[in-house]
Amino acid sequence: MSKMKFVKAEESVKIGEEAFKEIDNTSIAWLASAGFLINARGTILLIDPVLMTRPGQNDISEAGLKMSISYPIKATDIPIADAVLYTHPDNDHLGHHTAHILAQLNPRFIGPHTVFNRLAQIGINPKNIETCRTGDIIHIKNVTIEVTPADHPWQLQDPQRCGKPFRSGDCCGFIVTTPDVRCFFPGDTRLMEEHLTISDIDLLALDVSIDPFHLNHLGAVVLADSMPNALLIPIHYGTYDVPDKPAHLGNPDDVLRKVKNGSKRARILAPGEMLTLKNGIEI
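All you need for the numbering used here is the position in the sequence shown, starting with 1, plus 2.
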């Protein structure tokens with residue numbers, strides 16, 4: 003495969019202890035790659051967090067990928083987590099080292115059965131892991147989680163090397179509704195008909211990678227246009243310097259310029275930069 007142009011994310015903004023305190027709004031931070039931190043009026047959620055590097059190799063993620071930026075916070079610096087949500091168990095979404103560190107905070111680990119299996123295999127107490135399925139409604143204090151379908155059979159690119167592809171129910175997405183905002187985190191997925199029936203989304207985590215087993219640019223544009231009032235946070239780009247891996251390559255501008263009102267709706271965040279909303283209004 004020929005090398006593709008790499009677009010680097012902005013330099014990370016350090017997330018401090020104040021990000022985890024009780025607040026009167028909802029603050030959302032992109033954690034780089036596909037990860038997010040949500041503080042919903044004091045309820046702390048982490049989505050697909052990968053926050054550690056390999057021991058002695060600060061430039062190599064625990065996922066084995068060369069870093070182009072630093073993570074905005076280490077898992078060891080997170081003081082509290084009510085829940086950790088995983089869309090699927092790929093190592094750029096479920097960091098083993100991160101999960102072990104977060105387990106010390108006694109959060110609810112939530113994900114599809116593939117996530118349950120992976121977490122249990124790496125030694126997380128199964129009693130702390132909850133399996134979710136498409137259509138499930140989960141309540142975490144003042145937050146409601148709706149589980150959405152995902153289609154991500156990336157193993158089809160080389161089944162002999164990668165093994166059995168993900169099937170229906172192996173991956174998922176999440177709609178997270180806080181007192182202030184309704185957010186959609188699709189996870190790694192090709193565009194599905196079911197995604198186009200989702201309504202009233204205020205904020206969309208928009209995968210702008212060029213991988214055919216993700217939204218890809220056409221799917222990203224269609225999904226964004228189906229949610230015309232949503233703010234758009236581009237993700238899955240600019241974190242890892244791996245020019246041979248399409249899943250981590252992409253340019254937000256290539257998608258946003260094709261989205262209706264894309265430039266006005268986009269919030270291109272540096273990892274760690276907070277987007278804050280109160281009662282549906284960005285502040």
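Every residue, glycine too, gets a C-beta built ideally from N, C-alpha and C.
_C-beta atoms of P181 and A207 nearer than 8 angstroms_ = Counted from its first residue, the sequence shown places residue 181 at position 179. Counted from its first residue, the sequence shown places residue 207 at position 205. Not in contact: P181 and A207 (Cβ atoms no closer than 8 angstroms).
_Helix, strand or coil at D61 [DSSP, three-state]_ = Stepping through the sequence shown from its first residue, residue 61 is reached at position 59. Per DSSP, reduced to three states, the secondary structure at D61 is strand.
*Pick helix, strand or coil for L220, following the three-state DSSP scheme.*
What you label residue 220 is simply residue 218 of the sequence shown in a count that begins at 1. DSSP places L220 in helix when its eight states are reduced to three.
*asked:* Considering only the alpha carbon of each residue, which of R163, E196, T199, D204 lies closest to V183?
replied: For the purposes of this step, residue 183 is identified with residue 181 of the sequence shown, where counting begins at 1. Nearest option by C-alpha distance: D204.
*Going along the chain, which unbroken runs of the beta strand (DSSP E) with 3 or more residues stay wholly within the segment 152–208?*
Taken in chain order, the complete beta strand (DSSP E) segments of 3 residues or longer contained in the segment 152–208 are 174–179, 184–187.
*Pick helix, strand or coil for I235, following the three-state DSSP scheme.*
Translated into the one-based positions of the sequence shown, residue 235 becomes position 233. Assignment of I235 by DSSP, reduced to helix, strand and coil, places it in the strand class.
*Going by beta carbon distance, what residues of the same chain come within less than 6 angstroms of D213, once the five residues before and after it are set aside?*
Here residue 213 refers to the residue found at position 211 of the sequence shown. P248, A249, listed in sequence order.
*asked:* To the nearest angstrom, how far is the alpha carbon of I142 from that of V223?
replied: Position 140 of the sequence shown, counted from the start, is the residue given in the question as residue 142. Position 221 of the sequence shown, counted from the start, is the residue given in the question as residue 223. Straight across, the Cα-Cα distance linking I142 with V223 is about 31 angstroms.
*Kindly list the residues whose CB is nearer than 6 angstroms to the CB of A2, restricted to its own chain and excluding five residues on each side of it in sequence; keep chain order.*
Absent from the structure is residue 2, since the part of the chain shown begins at 3 and ends at 285.
*Within 10 angstroms of the Cβ of S14, are there 16 or more other Cβ atoms? Answer buried if so, exposed if not.*
Within the sequence shown, residue 14 is the residue found at index 12, counting from 1. Result: buried.
*Is it buried or exposed for N218, if we count other Cβ within 10 angstroms and need 16 for buried?*
Position 216 of the sequence shown, counting from 1, holds the residue named residue 218. Looking at its Cβ environment, which holds 16 or more other Cβ atoms inside 10 Å, N218 is buried.
*Note down the Cα distance separating P91 from S72, rounded to an integer number of angstroms.*
As a working mapping, residue 91 is identified with position 89 in the sequence shown. As a working mapping, residue 72 is identified with position 70 in the sequence shown. Going by the C-alpha atoms only, they are around 22 angstroms apart.
*Indicate whether the contact test is met: 3 or more Cβ pairs, each with one atom in the segment 261–279 and one in the segment 20–38, closer than 8 angstroms.*
Cβ pair count under 8 angstroms is three or more, so yes.
*Over the uninterrupted alpha helix (DSSP H) stretch that includes F118, give me the two end residues.*
What you label residue 118 is simply residue 116 of the sequence shown in a count that begins at 1. For F118, the enclosing alpha helix (DSSP H) begins and ends at 115–123.
*Please report the residue range of the beta strand (DSSP E) in which A77 lies.*
The sequence position of residue 77 within the sequence shown is 75, counting from 1. That residue, A77, is in no beta strand (DSSP E); it is neither H nor E in DSSP.
*Reduced DSSP category for S4 - H, G, I as helix; E, B as strand; rest coil*: To locate residue 4, count along the sequence shown from 1; it is residue 2. The predicted model places S4 with a pLDDT of 42, which falls under 50 and marks its position as unreliable; any figure quoted below should be read in that light. DSSP places S4 in coil when its eight states are reduced to three.
*Taking C-beta to C-beta, are P286 and L33 nearer than 8 angstroms?*
Residue 286 lies beyond the range of the chain shown here (3 to 285); nothing can be said about it.
_I237 beta carbon less than 8 angstroms from that of I200_ = By one-based count along the sequence shown, residue 200 stands at place 198. By one-based count along the sequence shown, residue 237 stands at place 235. Contact flag unset, no.
*asked:* What residue range does the alpha helix (DSSP H) around G266 cover?
replied: The residue labelled residue 266 in the question sits at position 264 within the sequence shown. As written in the sequence, residue 266 is Lys, which differs from the Gly given in the question. Here the alpha helix (DSSP H) through K266 covers 264–267.
_Member of F111, Y239, F168 whose CA lies at the smallest distance from the CA of A11_ = As a position in the sequence shown, residue 11 is number 9, starting the count at 1. Of F111, Y239, F168, the residue nearest in Cα terms is Y239.
*Please state whether DSSP places K280 in a helix, a strand or coil.*
For the purposes of this step, residue 280 is taken as residue 278 along the sequence shown, with counting starting at 1. In this structure, K280 counts as strand in the three-state DSSP scheme.
*Terminal residues of the alpha helix (DSSP H) in which A105 lies*: In the sequence shown, residue 105 corresponds to position 103, counting from 1. Run containing A105: 98–105, per the alpha helix (DSSP H) assignment.
_Could you compute how far the alpha carbon of H346 sits from the alpha carbon of E64?_
The first residue shown for the chain is 3 and the last is 285, placing residue 346 beyond what the model contains.
*asked:* Taking the beta carbon of N281 as the centre, do at least 16 other beta carbons fall within 10 Å, making it buried, or is it exposed?
replied: If you number the sequence shown from 1, residue 281 lands on position 279. Exposed is the call here.
*Is T191 near D153, with beta carbons less than 8 angstroms apart?*
To locate residue 191, count along the sequence shown from 1; it is residue 189. To locate residue 153, count along the sequence shown from 1; it is residue 151. Yes, these two residues count as a Cβ contact at 8 angstroms.
*State the start and end residues of the unbroken beta strand (DSSP E) segment that holds L48.*
As a position in the sequence shown, residue 48 is number 46, starting the count at 1. Per DSSP, L48 belongs to the beta strand (DSSP E) from 45–49.
*When the distance is taken between beta carbons, is L251 closer than 8 angstroms to F8?*
Looking up residue 8 in the sequence shown gives position 6. Looking up residue 251 in the sequence shown gives position 249. A distance below 8 angstroms separates the beta carbons of F8 and L251.
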